[in-house]
Structures are given as C-alpha cells and as structure tokens.
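Visitor:
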Amino acid sequence: MKSVLVVLGLLLVLPGAAHAQVKVRPKTGFVMSELIAPGSVPHAVDTNVIFLNRCAGGCPITCTRGQTGQTDSVTNKSSVCSGGTRTLTRFEAGDAVWGQVVSCVREVFAPFGVKIVDVDPAPAKHFEIMIAGSPGDIGLSNGVGGISPFSCNSAYIPNSLVFAFSDVYGPDVDEMCATAAQEIAHSFTLDHVIEPSDPLTYVGYAGRRHFKDAGLQCGSDCDGGSGPFGQTCNGPSIANHIYSGPQNHACTCTNTQTQNSVGTIRGLFGDGTPTPPTVSITRPKTGDNVVPGFPVNAVVVDDIGVAKAELRINGTLVATADAFPYVFNAPATLGNGTHKVEVKGYDIFGTAAVAKVDVVIGAPCTKPADCSLDTDTCVGGRCVPGAGVQGGLGTACTTNEACSSGICVAGGEAGQVCVETCDPTQAQCPGGFDCIETGASGVCYPGTGDGGGCLSASSESSRGPLGALVFGFGFAAFVLVRRRRTW
-15 MKSVLVVLGL
-5 LLVLPGAAHA
5 QVKVRPKTGF
15 VMSELIAPGS
25 VPHAVDTNVI
35 FLNRCAGGCP
45 ITCTRGQTGQ
55 TDSVTNKSSV
65 CSGGTRTLTR
75 FEAGDAVWGQ
85 VVSCVREVFA
95 PFGVKIVDVD
105 PAPAKHFEIM
115 IAGSPGDIGL
125 SNGVGGISPF
135 SCNSAYIPNS
145 LVFAFSDVYG
155 PDVDEMCATA
165 AQEIAHSFTL
175 DHVIEPSDPL
185 TYVGYAGRRH
195 FKDAGLQCGS
205 DCDGGSGPFG
215 QTCNGPSIAN
225 HIYSGPQNHA
235 CTCTNTQTQN
245 SVGTIRGLFG
255 DGTPTPPTVS
265 ITRPKTGDNV
275 VPGFPVNAVV
285 VDDIGVAKAE
295 LRINGTLVAT
305 ADAFPYVFNA
315 PATLGNGTHK
325 VEVKGYDIFG
335 TAAVAKVDVV
345 IGAPCTKPAD
355 CSLDTDTCVG
365 GRCVPGAGVQ
375 GGLGTACTTN
385 EACSSGICVA
395 GGEAGQVCVE
405 TCDPTQAQCP
415 GGFDCIETGA
425 SGVCYPGTGD
435 GGGCLSASSE
445 SSRGPLGALV
455 FGFGFAAFVL
465 VRRRRTW
C-alpha cells in the first residue's frame, strides 16, 4: 500500500462563529503505514503507557518514511517523516502550561485503563506523543497541528510515535490537549469525526473536548469532494479556509458511517481505573493437611487479559505460569508445620491481585475418627473430604476440577472417581480403598482393602483385574493392575 500523507496547512472555523468563542483548529493528519502486515499484531495491546514528551533539549528523530522499519517510540523512529535524522525543538510554553497540558490529557483519557506519564519509560514498550516544536522541524508544512501513523491492518500500532506541534498553538492548553488526544487515537484505527466536542474533529469548538461514547459520523476533513484516503464526501468541501460542514464520509477502516471512539479505546485498554484480576485458589483450602510437593490449583480471570500467575510459599517465589491452567507444585522439601500459600495474578498492564491460604504439613490423623469433620476421612495422615462430600474420595467425577484433590481417574470397576495421592510403601488409604501404584507414588482407589496395601502390576482384587486407570485432563495415563498386599 502506498503511503499517503494527509496534512493541509489550513485553519478551520465554523462560518459565522465569533473567534472569541470558537477556537480555530490547525489541520492535522495521518500517514497510512504500509509496514504493518494484516494479522501481524496481536489484538491485545502490549502496554497501557502513554508518554507525553516535551522534548527538553530537543528530540532527535530518525525519519523512516518510505524505508524499511516502522514507527518506534523506544528508539524515536518515525514513519511519518523522511530525510534522515531530524530534531524536534523543545516545548517552549513553560512549565506551568506544560503541567496544564499533562493534566488535561490525563483528564481526557481518564475513562480508559491507560497510564499517562511525562517521564520516558524506555526501554519499556509505550505509546508516545511528542508535544513540542513545529512541523517544519520534521519537514512538514507550516500550520500543521499534528500527525500520526495510521493503519487498518491491526487494532493498534505498537510503540506508536505521534506528534502535536506546540509552536502552532502557543499557550492554548485545550487545543494542544485535543490534538495530542486525536493523534494517539489515530494509532488505534480511529478516524476523524464531525462532532465539534470530540478530539477527533477538525471543527472548531469553545471548550475542552472529550471522547464521546456514541456513534459519531466520520468526516470533517474533506477536500475536493474526497476524504483523506479517497472516500467520497457527500458534503461541501473546505472553502477559503472555512469549515462549511458537514463533510461526511465513510470511516476509513470499517467502511461504516460512524465510529464510537470510547468503545474502541475501552476495547483495547478497559475502564479508567484498572481492574485487578480475580484470583482464587481452588486447591488446597485453608486448613488443609497436605504432603510436601502438594499441588496448587488457581483460577485467574481478568476483563482485559491475564499475563501470568505466580506461586509463593512462605513469601518465596516458587513458580510462574504464563497461561491457563494455573497449576503448580509446592517444593518437596517443605517441612512439617503451617505454610502460607499465595498465588498472585497479573493482568497485561501489571495490575495484580492475590489469593492466600494456610495449609499444614504433618500427621494430624491416623484414622477417620481423628478428623474434625464427620465427612472427612484420613489419607496418609491428612484429613480429606470423603465419600459423603461431592468431590470427595471415591465420588463419581468427569473432570479433575470436580474433585477436591484435583485428580479424577477412570478404568477400574468403580468407574471414574475422585482419588487421593498415597505412598505405596505405607498403609495410607482408608477402609475400602487400595493404594494403586502410579510410578513413584500412588492413588487411593476403591477396592476391598482395609486402608493399606501396595498394589501394582499382575495383581487382581476379589472383583477381578483392575486394568488401566486413566487419569483425567492434565495428568498422565498409567496402566495399573492390583497385586496382592505385601504387608
């Protein structure tokens, strides 16, 4: 696709409006990027940081328009300009005005889950608005208020670098703010609109513009009966630098007549106050008696996306999972006593939430009667839910998640049931269960035993051969056959 530069050095005012009430708008624009291949950018954004750069001391910019490489805020590389290395001069309106501009941009983006900063976050990924200098600094026509790369091939342009030229606006905070908002929004596939109070417009307006949560007609930027990318305009064109409206055209990326800027930006970043993930530990529960190396199952959900989950035992990071399912194992070296289990989940913006449980390693029971709950039974010195509880030992199951132990197996005469881990060399299973070897460890499976026994290959129970036990999702499959007790 050929790059198209859409910048006209025009000042637009509403016909008949008093200049004291309606501010003039310098023409802004965008450059279509041919460097982003369809499908090459994940839909989920990889950062929510927007850096406002006043270019103190000047900003050297590597101009790459028409060359290999795309915009990159980390290295100050821009695809909207050409001519090698150029320098954007500093923001000249002073500290007080700069503070007001930063405050305004934060206000305009407050509905969304973004972080507006004015300290360079590089080398971290970020979007960037250089609010400084003049268009001539990077080879553009005088009077151009701002410019951004633009692409319909992805939901956003990664590490996009855009410009709002402060010398064009002088100390006008609202106009610098609106232009900054417009240019960064162009990096999110958003087009111009005809609504004067939305930042994505060329129409003059008295006051501060905010993104509108409504379907707004695209347009306000027509010239010669065409939109910036050749769309047919069904309204009048600009005449004598006066906006005569309504200048309607189809939105560039969607080919529809309207766009909702709030919906688009919120779809990328979520709501203004970042919502932390919801984190829960489904196994073990607080107060559970566990063995060293016990499994930890967690659920982490987020409205935008989960980045990772971390397991900590007694405050020490043990493991990290980058994708569902969030299943961990505690260290096999943990000693007897109470241990604090913590799972910390992060969303893609780094917002975190924590779930905690306390568990006990030890031998609090030797028989079911030792357990505080009548529905519990004793397995290997620990109290676990028994057959009287849904998901307890020996109850029917179809998935691992249906079992309090997190282990559902099938293949024996008892069918597909919840099991508990056991040591094949010890008498750890309750009456009516046998400890079936699964390699180095075992599981308590319904049988005719009285709580002990190590059963493995070539063995038969009084009800016939066990055959193959197949572990549910997330566990290996083993061929297990009962053998006669060795104790």
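Under our numbering, think of the first position of the sequence shown as -15, with each following residue one higher. Where a beta carbon is used, it is the ideal one built from N, C-alpha and C, also for glycine.
Mind checking ALA353: buried by the 16 CB within 10 Å criterion, or exposed?
Guide: As a position in the sequence shown, residue 353 is number 369, starting the count at 1. ALA353 comes out exposed.
Visitor: Please list the terminal residues of the continuous alpha helix (DSSP H) segment that includes GLY378.
Guide: If you number the sequence shown from 1, residue 378 lands on position 394. Here GLY378 belongs to no alpha helix (DSSP H), and DSSP marks it neither H nor E.
Visitor: Taking its Cβ as the centre, do 16 or more other Cβ atoms sit within 10 Å of ARG466, making it buried, or is it exposed?
Guide: Position 482 of the sequence shown holds residue 466. Low confidence applies to ARG466: its pLDDT is 33, below 50, so where it sits in the model is not reliable enough to give any reading.
Visitor: Since LEU36 and ASP102 are thought to touch, with beta carbons under 8 Å apart, how far apart are those beta carbons, to the nearest angstrom?
Guide: In the sequence shown, residue 36 corresponds to position 52, counting from 1. In the sequence shown, residue 102 corresponds to position 118, counting from 1. Going by Cβ atoms, the distance from LEU36 to ASP102 rounds to 5 Å, so yes, they are a contact pair.
Visitor: Go ahead and label SER87 buried or exposed: buried means 16 or more other beta carbons lie within 10 angstroms of its beta carbon, across all protein chains shown.
Guide: Within the sequence shown, numbered from 1, the residue matching residue 87 stands at position 103. The residue is exposed, with fewer than 16 neighbouring Cβ atoms inside 10 Å.
Visitor: Indicate whether the contact test is met: 3 or more Cβ pairs, each with one atom in the region 228 to 238 and one in the region 204 to 217, closer than 8 Å.
Guide: Yes, since at least three Cβ pairs between the region 228 to 238 and the region 204 to 217 fall closer than 8 Å, the two stretches touch.
Visitor: If we ignore side chains and look at the alpha-carbon of each, how far apart do THR163 and GLY129 end up?
Guide: Translated into positions along the sequence shown, residue 163 becomes position 179. Translated into positions along the sequence shown, residue 129 becomes position 145. Each residue's alpha carbon lies about 7 Å from the other.
Visitor: Considering only C-alpha positions, which residue in the set ILE249, VAL157, LYS328, ASN218 is nearest to PHE195?
Guide: As a first step, residue 195 is located in the sequence shown; it is residue number 211 there, counting from the start. Residue ILE249 is the option with its Cα nearest to PHE195.
Visitor: Is it right to say ASP255 is buried, meaning 16 or more other beta carbons lie within 10 angstroms of its own, or is it exposed?
Guide: Position 271 of the sequence shown, counting from 1, holds the residue named residue 255. With fewer than 16 other Cβ atoms within 10 Å, it is exposed.
Visitor: Since LEU61 and THR46 should fall inside the 8 Å C-beta cutoff, what is the C-beta to C-beta distance between them, to a whole number of angstroms?
Guide: Along the sequence shown, one-based indexing puts residue 61 at 77. Along the sequence shown, one-based indexing puts residue 46 at 62. Here the sequence assigns Lys to residue 61, which means Leu is not the residue at that position. Contact flag correct, Cβ pair sits at about 5 Å.
Visitor: Less than 9 Å between CB atoms is the rule here; does PHE417 satisfy it with respect to chain C?
Guide: Of the protein chains in the structure, only one exists, and it is not chain C.
Visitor: Can you say whether GLU397 is buried or exposed, counting buried as having 16 or more other CB atoms within 10 angstroms of its CB?
Guide: In the sequence shown, residue 397 corresponds to position 413, counting from 1. Exposed.
Visitor: Can you tell which of ALA108, GLY67, ASP207 has its C-alpha closest to the C-alpha of GLY50?
Guide: What you label residue 50 is simply residue 66 of the sequence shown in a count that begins at 1. Minimum Cα distance to GLY50 is reached at GLY67.
Visitor: Would you say the beta carbon of CYS136 is closer than 8 Å to some non-hydrogen atom of the ligand NAP?
Guide: In the structure shown, the ligand NAP is absent, as is every other ligand, since no ligand is present at all.
Visitor: Tell me the start and end of each unbroken beta strand (DSSP E) in the region 297 to 339 that is at least 3 residues and wholly inside, in chain order.
Guide: Qualifying beta strand (DSSP E) stretches, in chain order: 300 to 305, 310 to 313, 321 to 331.
Visitor: Can you tell me where the beta strand (DSSP E) with GLY415 in it begins and where it stops?
Guide: Here residue 415 refers to the residue found at position 431 of the sequence shown. Its beta strand (DSSP E) spans residues 415 to 421.
Visitor: Exposed or buried, which one is THR173 when buried takes at least 16 other CB atoms within 10 Å?
Guide: By 1-based counting over the sequence shown, the position of residue 173 is 189. THR173 comes out buried.
Visitor: Would SER150 and ALA40 be called neighbours here (beta carbons separated by less than 9 Å)?
Guide: On the sequence shown, position 166 is the one that residue 150 refers to. On the sequence shown, position 56 is the one that residue 40 refers to. Cβ distance not < 9 Å, so SER150 and ALA40 don't count as in contact.
Visitor: Using a threshold of 9 Å, state whether the C-beta atoms of VAL284 and THR262 are closer than that.
Guide: Taking the first residue of the sequence shown as 1, we reach residue 284 at position 300. Taking the first residue of the sequence shown as 1, we reach residue 262 at position 278. Going by C-beta atoms, VAL284 is nearer than 9 Å to THR262.
Visitor: Excluding five sequence neighbours on each side, which residues of the same chain lie with their C-beta closer than 7 Å to the C-beta of CYS362?
Guide: Taking the sequence shown and counting its residues from 1, the one referred to as residue 362 is at position 378. Taken in chain order, the residues that qualify are CYS349, THR350, LYS351, PRO352, ASP354, CYS355, PRO414.
Visitor: In terms of alpha-carbon separation, which member of ASP30, ALA190, SER181 lies closest to ASP197?
Guide: The residue labelled residue 197 in the question sits at position 213 within the sequence shown. Answer by Cα proximity: SER181.
Visitor: Pick out the complete beta strand (DSSP E) segments inside the region 91 to 177, 3 residues or longer, and give them in chain order.
Guide: The region 91 to 177 contains these whole beta strand (DSSP E) runs: 99 to 101, 111 to 115, 130 to 134, 145 to 148.
Visitor: Could you tell me the distance, in whole angstroms, from the CA atom of HIS110 to the CA atom of PHE308?
Guide: Indexing the sequence shown from 1 puts residue 110 at position 126. Indexing the sequence shown from 1 puts residue 308 at position 324. If you take the alpha carbons of HIS110 and PHE308, they lie about 26 Å apart.
Visitor: Please report the straight-line C-alpha distance between VAL29 and LEU252, rounded to a whole angstrom.
Guide: Indexing the sequence shown from 1 puts residue 29 at position 45. Indexing the sequence shown from 1 puts residue 252 at position 268. So the alpha carbons of these two residues sit roughly 6 Å apart.
Visitor: Tell me which residues share the same chain as ASN281 and place their Cβ nearer than 6 Å to its Cβ, disregarding the 5 neighbours each side in the sequence.
Guide: On the sequence shown, position 297 is the one that residue 281 refers to. Cβ within range, chain order: THR266, ARG267, VAL311, GLY390.
Visitor: Would you mind working out which of PRO279, PRO44, ASP287, PRO105 sits nearest THR259, comparing C-alpha positions?
Guide: For the purposes of this step, residue 259 is identified with residue 275 of the sequence shown, where counting begins at 1. Closest option to THR259, Cα to Cα, is ASP287.
Visitor: So, VAL338 versus GLY329, is the Cβ gap smaller than 9 Å?
Guide: Working through the sequence shown from its first residue, we reach residue 338 at position 354. Working through the sequence shown from its first residue, we reach residue 329 at position 345. Closer than 9 Å, so yes.
Visitor: Going along the chain, which residues of its own chain have a beta-carbon closer than 6 Å to the beta-carbon of ALA106, five neighbours each way excluded?
Guide: Reading the sequence shown from its first residue, position 122 is the one you call residue 106. Excluding positions up to five away in sequence, the list reads VAL58.
Visitor: DSSP three-state label for GLY203, please.
Guide: Against the sequence shown, residue 203 aligns to sequence position 219. Looking at GLY203 - three-state DSSP - the assignment turns out to be strand.
Visitor: Select from GLY426, GLY399, VAL403 the residue whose C-alpha is nearest the C-alpha of ALA411.
Guide: For the purposes of this step, residue 411 is identified with residue 427 of the sequence shown, where counting begins at 1. ALA411 has its Cα closest to that of GLY426, out of GLY426, GLY399, VAL403.
Visitor: Using CA coordinates, which residue listed in TYR429, ASN218, PHE75 is at the minimum distance from GLN371?
Guide: Here the question's residue 371 lines up with position 387 in the sequence shown. Note that residue 371 is Ala in the sequence shown, not Gln. When each option's Cα is compared against that of ALA371, the closest is TYR429.
Visitor: What's the call for GLY378, buried or exposed, on a 16-neighbour Cβ count within 10 Å?
Guide: If you number the sequence shown from 1, residue 378 lands on position 394. With 16 or more other Cβ atoms within 10 Å, it is buried.
Visitor: Would you please state the rounded distance, in angstroms, between the beta carbons of LEU124 and ILE115? I believe it to be under 8 Å.
Guide: Position 140 of the sequence shown, counting from 1, holds the residue named residue 124. Position 131 of the sequence shown, counting from 1, holds the residue named residue 115. So it is not a contact: roughly 15 Å between Cβ atoms.
Visitor: At what residues does the alpha helix (DSSP H) containing THR361 begin and finish?
Guide: For the purposes of this step, residue 361 is taken as residue 377 along the sequence shown, with counting starting at 1. Unbroken run through THR361 is the beta strand (DSSP E), 360 to 363; no alpha helix (DSSP H).
Visitor: Could you please give the first and the last residue of the uninterrupted alpha helix (DSSP H) stretch that includes ARG250?
Guide: Position 266 of the sequence shown, counting from 1, holds the residue named residue 250. Counting along the chain, the alpha helix (DSSP H) containing ARG250 begins and ends at 245 to 253.
Visitor: Near PRO26, which residues of its chain fall below 8 Å by C-beta distance, leaving aside the five closest residues on each side in sequence?
Guide: As a working mapping, residue 26 is identified with position 42 in the sequence shown. Low per-residue confidence applies at PRO26: pLDDT is 49, beneath 50, and the placement is therefore not dependable, though the value from the model is reported in the following sentence. Same-chain partners within the cutoff: there are none.
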